[in-house]
Every structure is written in C-alpha cells, then in structure tokens.
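Note sheet for the following structure.
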Amino acid sequence: MTDNELLLTLSTLFDKKLKPLEQRLKNIELSLENDIKPRLQTIEACYTSTHDRYKNSVEGYETMQADLEILKKVIGAHSEKLQKLA
12 MTDNELLLTL STLFDKKLKP LEQRLKNIEL SLENDIKPRL QTIEACYTST HDRYKNSVEG
72 YETMQADLEI LKKVIGAHSE KLQKLA
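With the sequence shown counted from 1, adding 11 to any position gets you my numbering.
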C-alpha cells in the first residue's frame, strides 16, 4: 500500500467516524438556537420585569416605613395629650 493509498484510506475512515458526530453537533446547534435560546430569553424577560417591579416596590416600602414611624410618634404624642385631658 502506497502512502497516498494509506492517506486516502485514513481519510475515508475519518470521514465515516466524523459523519455521525457532525450530525449530532448540527442537532445540538439547532436545539440551542430553536429551543433553548428562546426559552432563556423568556426567562430573562420575566426575571427582568419581576426585578423592576420588586425594585419599585422596595422603594415604596421604605417610604411607607418612614411614614409609619412618623405616624407612631404623632399617635404617641396625641395619646399623651388625650391622657392628660382625661
């Protein structure tokens, strides 16, 4: 067997072995593009909108908490005044 024949035989053998791997790789790429990527984008969109809502809620919550502290002080002061009047 000549070197060229040996190289041709090896090349053919490699092609046979790599053909199924190429098809599997193509299937993986298609799955990533058509299935996984859109799902990840949906998850990202849901996460982002939820994050924004919670961020805004937290800011409002902090404001309400400060308002409640003020109300507690005012109610306490009014209770003392009412106690003195009674």
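Heads up, the beta-carbon is just placed ideally off N, CA and C, and yes, glycines get one too. Just so it is clear, the structure is predicted and the values come from calculations on it, not from any experiment.
Check, Outcome
"Output needed for G87: all residues of its chain with C-beta closer than 8 Å, excluding positions within five of it in sequence on either side, in chain order.", "none"
"For M75, which three-state DSSP category applies?", "helix"
"Can you look up T13 in the DSSP assignment and give me helix, strand or coil?", "coil"
"CA-CA distance, K30 and K37?", "11 Å"
"What is the DSSP secondary structure of A97, reduced to helix, strand or coil?", "coil"
"Measuring only the C-alpha atoms, how far is T23 from N15?", "12 Å"
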